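Numbering (our numbering), first residue to last: 1 to 250.
Ideal placement from N, C-alpha and C gives every residue a C-beta, glycine not left out.
These numbers come from a predicted model, not from an experiment.
Worksheet for the structure shown next.
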Amino acid sequence: MIKLKQYKESIHKCSKCGLCQESCPVYIESGNECDTARGILILIKGIINGEVPLRRDINKYLDKCLRCGKCFDVCPSEIPIEDIIFAAKCKYLYTSLGGLKTRILQSALFKRLFSKPKKVVSEKFDTKALYFGGNFKDALKLLNANSIELLNPLEDGWGAEYILSGNIIRFRKCINEVMHLIAEFNPKFIITDIPADKFRSIIKTYGGYSPDIEIKYLGEYQGSESLVSRYFNPVYASELVKELKAKVHQ
Ligand code: SF4
Ligand code: SF4
């Protein structure tokens, strides 16, 4: 498990300058200081020092963060807020009742019993792609209708729900599978449900390297490049799929 305490020094570097405030899309919407990186760091410092209990009412501020990285871009102290929030989510997941409930819902056994297996597309097509989505319900249908052969799409996508909830064990497992499939199939494209640069940086950080393969985002940027503000636009996605096919047949 990632230890929250290891970020004590980084958190200490916050000068409270407030530069992160105006760049934070959540703060712009809510006007609540607790939603900014500065506010979250104060809460987390309290958690580390044992002054603030990490309960549901505090966890909600961690969940509100879009992990867009905009605060990091402007922070003069280069505080890795996304990593710190991930570590705090880990702590919540493994030490609270709410976290226990999430772990049960995310467990392999629960998923095996209660979720429907994803359809694997047949092998007759020639545009080979790995689709690490899972959150765009219509995406598989669309790719299938456009004769995109999907190579073994994973049950859990690339593990978005795990990184968002701090489930580091399941997340590492997912990323290992992702890296294994990339190495095994060497696909022409990787299609995903988060912006390509974000996906690339995640697999580089947790998978160890960034493959030299084109990554395409099957959604559309909607304001922020967040992990959670995904937006599936069938018209945009259809155009993207046509572009992929055209590239293959060039
Ligand atoms: S920009 Fe960085 S140093 Fe300044 S308040 Fe925000 S987190 Fe702290
Ligand atoms: S990562 Fe984005 S949403 Fe989260 S605190 Fe920073 S600017 Fe705000």
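Any idea if residue 227 is buried or exposed, counting beta-carbon neighbours within 10 angstroms, 16 or more meaning buried? Along the sequence shown, one-based indexing puts residue 227 at 227. Because the pLDDT of residue 227 is 48, which lies under 50, any placement of that residue in the model is unreliable, and the question is left without a value.
When DSSP labels each residue in this structure, what does residue 41 get in the three-state scheme? Start at 1 with the first residue of the sequence shown, and residue 41 comes out as number 41. Three-state result, residue 41: helix.
Residue of 165, 101 and 129 minimising C-alpha distance to residue 191: Translated into the one-based positions of the sequence shown, residue 191 becomes position 191. Closest by alpha carbon: 129.
In the structure shown, what three-state DSSP assignment does residue 188 receive? As a first step, residue 188 is located in the sequence shown; it is residue number 188 there, counting from the start. In the structure shown, residue 188 sits in coil (DSSP, three-state: anything other than H, G, I, E or B).
Roughly how many whole angstroms lie between the Cα atoms of residue 62 and residue 23? Residue 62 sits at position 62 when you count from the first residue of the sequence shown. Residue 23 sits at position 23 when you count from the first residue of the sequence shown. Looking at the two C-alpha atoms, the distance is approximately 17 Å.
For the region 78-89 against the region 55-69, are there 3 or more C-beta pairs whose distance is under 8 Å? The region 78-89 is in contact with the region 55-69.
Sequence-distant residues of the same chain with beta carbon closer than 6 Å to residue 99, five excluded per side: Reading the sequence shown from its first residue, position 99 is the one you call residue 99. Excluding residues within five positions, the ones whose Cβ falls inside 6 Å are 92 and 93.
Any non-hydrogen atom of ligand 1 closer than 7 Å to residue 76 Cβ: Start at 1 with the first residue of the sequence shown, and residue 76 comes out as number 76. Checking the Cβ of residue 76 against ligand 1 gives yes.
Can the beta-carbon of residue 185 be found less than 8 Å from the beta-carbon of residue 214? Taking the first residue of the sequence shown as 1, we reach residue 185 at position 185. Taking the first residue of the sequence shown as 1, we reach residue 214 at position 214. For residue 185 and residue 214, no; Cβs fall outside 8 Å.
Report yes if the CB atom of residue 103 is closer than 8 Å to the CB atom of residue 167, and no otherwise. As a working note, residue 103 is residue 103 in the sequence shown. As a working note, residue 167 is residue 167 in the sequence shown. Yes.
With distances taken from CA atoms, which of 182, 216 and 209 is nearest residue 195? Along the sequence shown, one-based indexing puts residue 195 at 195. Per the Cα distances, 216.
Measuring only from the beta carbon, is residue 129 closer than 7 Å to any heavy atom that is part of ligand 2? Position 129 of the sequence shown holds residue 129. No, the beta carbon of residue 129 sits no closer than 7 Å to any heavy atom of ligand 2.
Please name the residue or residues paired with residue 214 in a DSSP beta bridge. The residue labelled residue 214 in the question sits at position 214 within the sequence shown. Looking at the DSSP output, residue 214 bridges to 189.
Given this structure, state the Cα-to-Cα distance separating residue 171 from residue 145, to the nearest angstrom. Translated into positions along the sequence shown, residue 171 becomes position 171. Translated into positions along the sequence shown, residue 145 becomes position 145. Roughly 30 Å separates the two Cα atoms.
To the nearest angstrom, how far is the alpha carbon of residue 114 from that of residue 46? Translated into the one-based positions of the sequence shown, residue 114 becomes position 114. Translated into the one-based positions of the sequence shown, residue 46 becomes position 46. Straight-line Cα distance between these residues: approximately 38 Å.
Check residue 209 in the structure and name its three-state DSSP category. Residue numbering aside, residue 209 sits at position 209 when the sequence shown is read from its first letter. Three-state result, residue 209: coil.
Ligand 2 and residue 16: does any heavy atom of the ligand fall closer than 7 Å to the residue's C-beta? Residue mapping note: residue 16 aligns to position 16 of the sequence shown, counting from 1. Outside the cutoff, so no.
Residue nearest to residue 244 in terms of C-alpha spacing, selected from 44, 51, 131 and 38: For the purposes of this step, residue 244 is identified with residue 244 of the sequence shown, where counting begins at 1. Among 44, 51, 131 and 38, the Cα nearest to that of residue 244 belongs to 131.
So does residue 20 have its beta carbon nearer than 7 Å to some heavy atom of ligand 1? In the sequence shown, residue 20 corresponds to position 20, counting from 1. Answer for residue 20: yes, Cβ within range of ligand 1.
Please report the distance separating the alpha-carbon of residue 83 from that of residue 187. Walking along the sequence shown from the start, residue 83 turns up at place 83. Walking along the sequence shown from the start, residue 187 turns up at place 187. About 30 Å.
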